[in-house]
Every structure is written in C-alpha cells, then in structure tokens.
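Below you'll find the structure, written out as structure tokens, and then a few comments.
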Amino acid sequence: MYCSNSKCPDNIATGNHGEYVSGVTTCPVCGEYLVDTLPPTTDIPREQDHYTDVEPVFETADPTEVVVVKGLLESEGIPYVTTGAEKFDAFRGALSPMRINPKAGIAIFLVPTPLADTVRRLLDDFENEESKY
C-alpha cells in the first residue's frame, strides 16, 4: 500500500511515496487513503539548495549557547543540523548529562560545506558584538 499524495510531508522530506504494510488504510503522516499501486510519476525536481556535504562550525557544552546559535542560524535562514543537542532536552531542561559529565552534553552544529566559512564569520561577528557588553 502506498500514499499517492505528492504533497505528503513524508514524500517531500524523502522524495519517495510512503509504503505501508497490508492492513493500513490511510497514511499516518497526511491522512490520505492508501492505494495498491502508484500512478506513473514525473520526476519532481528537488530544491536547488540541496546540500550533501556538511561541516562542523561550532561546538559547545553550554545549553544557553545552543539556543543562541540555533536562533542566529534560523534568523539568517541557514540550514543546519545538530548532534548532541537532543541530550539537553532529554529530561525537559534538567540538563542531566552536563551534571554527570560535561563532555556528555556537547552539541555540534553542522552546516552545508559551501556555507561553512560564512557561518564561521557570522558566529565570530556575533561573539565580538557580545563581548562589547
């Protein structure tokens, strides 16, 4: 069974129609009724800003810096991925990994390689601006 909805968030994120086991009648993501076979498709071009290589640009164990850097990158429209930041939310703000071992709570920000130098300059400018206060 397949979700034939081309605007399903699952299809948009993966580029593939969702496939489900027999017995499931609706797509759990968009609610569309599932079909046995997909109609012939035309390739939908992916976004032009589709990046495959990422580079680390910032590393921190301070949960306040995680929030600030996320906000800065989002406000500039820069795509990013974090690793380790999920540990900060594991206990609803308890930040227990940092209490046990500071290394356990390190968050690393990764950005597309073509944007890495720009992001580093942006973070340096932001840090220099913050040090004035």
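In this note's numbering, the protein residues as written are 888 to 1020.
For every residue, glycine included, the Cβ atom is placed at its ideal position computed from N, Cα and C.
Provide the residue span of the beta strand (DSSP E) that contains residue i, from first to last.
{"i": "isoleucine 995", "result": "994 to 999"}
{"i": "proline 943", "result": "941 to 947"}
{"i": "phenylalanine 969", "result": "According to the sequence as given, residue 969 is threonine; it is not phenylalanine. It spans 968 to 970 - the beta strand (DSSP E) in which threonine 969 sits, taken as one unbroken run."}
Among the candidates the options, whose CA atom is the shortest distance from the CA of residue i?
{"i": "isoleucine 993", "options": "Tyr907, Pro950, Gly918, His904", "result": "Pro950"}
{"i": "proline 1001", "options": "Val956, Glu942, Ile995, Glu1014", "result": "Glu942"}
{"i": "threonine 1005", "options": "Thr912, Val953, Met888, Phe945", "result": "Phe945"}
{"i": "leucine 997", "options": "Phe1013, Asp1012, Val956", "result": "Val956"}
{"i": "valine 953", "options": "Leu1010, Asp897, Asn1015", "result": "Leu1010"}
Could you name the residues of the same chain whose beta carbon sits closer than 8 Å to that of residue i, not counting the 5 residues immediately before and after it, in chain order?
{"i": "arginine 979", "result": "Because arginine 979 carries a pLDDT of 49, less than 50, the predicted location of this residue cannot be relied on, and no value is offered for it."}
{"i": "cysteine 895", "result": "His904, Gly905, Cys914, Val916, Cys917, Glu919"}
{"i": "leucine 925", "result": "Tyr889, Ser891, His904"}
{"i": "asparagine 898", "result": "Cys890, Asn892, His904, Gly905"}
{"i": "aspartate 923", "result": "Met888, Tyr889"}
Between which two residues does the alpha helix (DSSP H) carrying residue i extend?
{"i": "glutamate 961", "result": "950 to 962"}
Looking only at its own chain, which residues have a Cβ that is under 7 Å from the Cβ of residue i, when we skip the five neighbours before and after it?
{"i": "phenylalanine 1093", "result": "For the chain, the structure presents residues 888 to 1020; residue 1093 sits outside this window and is missing."}
{"i": "arginine 1007", "result": "Val944"}
Next on the checklist: Taking contact to mean 3 or more Cβ pairs, one atom from each stretch, closer than 8 Å, check whether the segment 892 to 910 and the segment 964 to 973 are in contact.
Outcome noted: Judged by Cβ distances under 8 Å, the segment 892 to 910 makes no contact with the segment 964 to 973, as fewer than three pairs qualify.
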